[in-house]
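Asker: Residue numbers (the numbering used here): -19 to 189.
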Amino acid sequence: MLEEAKIPDQLPVMVLSGATLFPHGYMPLFIFEQRYREMLQFSLERERMFCIGHTLPDVDPETDPDPVFTVTSAGLVRACVTHGDGTSHLMLSGIQRVQIVGWEQVKPFRIASVYLQPSFYESEESASETALEVVDLCGRLCGEGQPMSDRLREHLKCVKDPSAISDVVAQTFLTDPSERQNVLEMLNVNERLEYLSERLSLFLAGGQK
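1. What's the gap between the Cα of Gly64 and the Cα of Phe12?
2. Let me check understanding here. Comparing Cα to Cα, which of Thr155, Thr62 and Leu36 lies closest to Glu18?
3. If you count every other CB in all the chains shown that lies within 10 Å of the CB of His4, and 16 or more means buried, which is it?
4. With a floor of 4 residues, list each alpha helix (DSSP H) that falls wholly inside the segment 134 to 160, ordered by position along the chain.
5. What residues are listed by DSSP as bridge partners for Asn168?
6. Comparing alpha-carbon positions, which option in Val51, Ser53 and Leu36 lies nearest Pro45?
7. Who are the near neighbours of Ser93 in its chain, counting only those whose CB is closer than 8 Å to its CB and skipping five residues on each side?
8. Touch check for the segment 71 to 79 and the segment 109 to 118: three-plus C-beta pairs under 8 Å?
9. Could you give the residue range of the beta strand (DSSP E) that holds Ser53?
10. Counting along the chain, where does the beta strand (DSSP E) carrying Phe30 start and finish?
11. Please state if the CB of Ser143 and the CB of Ser73 are separated by a distance shorter than 8 Å.
12. If you draw a straight line from the alpha carbon of Leu184 to that of Tyr95, how long is it in whole angstroms?
13. How would you write the range of the beta strand (DSSP E) that Leu70 sits in, first residue to last?
14. Apply the 10 Å Cβ neighbour rule to Pro(-8) and answer buried if 16 or more other Cβ atoms are within range, or exposed otherwise.
15. Pull up the distance between the alpha-carbon of Ile145 and that of Gln97, whole angstroms please.
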């Protein structure tokens, strides 16, 4: 299981505006800046992991000492192709929520000290029921002209973990960066699923996404 992967105490951080990676989610990346080429090489020589740092509003990521939201996800490089010019295309897979608690390095790329942020349940039975509702709602939002793909619907049918369902749906359905960050910071699985159920229901009813 992805969430069982061992997360190191320190991880590189790629600072990106408006970008959020959820556990169980995927993010394609094109690496072209020199500092992030070095970061990628650093990661590939170790655990193949780094984080995506979602930039805080109204800060300069080049000069602010703490430019990103502290809650993020450790990501695993699942596939990587490096080209002759030194750039790379890769697929980053979300593994586990972590919290940035300090910076071990800032230049040429950031390395953060991180703590795990495990999810928890108020009620696993209630979470399972709400997860089924979310999957059903997603099924009604799939198809041509809809915000979700048939492939996602088939994937969700195979996912049994309510926490994973909430993260896959959040990664796919939510588009507003602030909302995505808020949901990423919800460690309570019941709360995440209930929020997503309300959002999906609102969208189906014709409300604003």
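Glycine included, each C-beta is placed from N, C-alpha and C at the ideal position. The structure presented is a predicted model; accordingly, all values stated were derived computationally and were not measured.
Answerer: Once the coordinates are examined:
1. Just so you know, the alpha carbons of Gly64 and Phe12 end up roughly 12 Å apart.
2. In terms of CA proximity to Glu18, Thr62 leads the group Thr155, Thr62 and Leu36.
3. Label assigned to His4: buried.
4. Fully enclosed alpha helix (DSSP H) runs of 4 or longer: 142 to 153.
5. Partner(s): Phe100.
6. The closest CA to that of Pro45, considering only Val51, Ser53 and Leu36, is found on Leu36.
7. Only residues of its own chain outside the window of five on either side were considered, and among them Asp(-11), Gln(-10), Ile80, Val81, Gly82, Trp83 and Glu84 have a CB closer than 8 Å to the CB of Ser93, listed in chain order.
8. Touching, no.
9. Run containing Ser53: Val51 to Thr62, per the beta strand (DSSP E) assignment.
10. In the DSSP assignment, Phe30 falls within the beta strand (DSSP E) that extends over Met29 to His34.
11. No, Cβ-Cβ distance for Ser73 and Ser143 is not below 8 Å.
12. Put simply, the backbone Cα of Leu184 is about 38 Å away from that of Tyr95.
13. Leu70 -> beta strand (DSSP E) spans Ser68 to Gln85.
14. So Pro(-8) counts as buried.
15. Roughly 18 Å separates the two Cα atoms.
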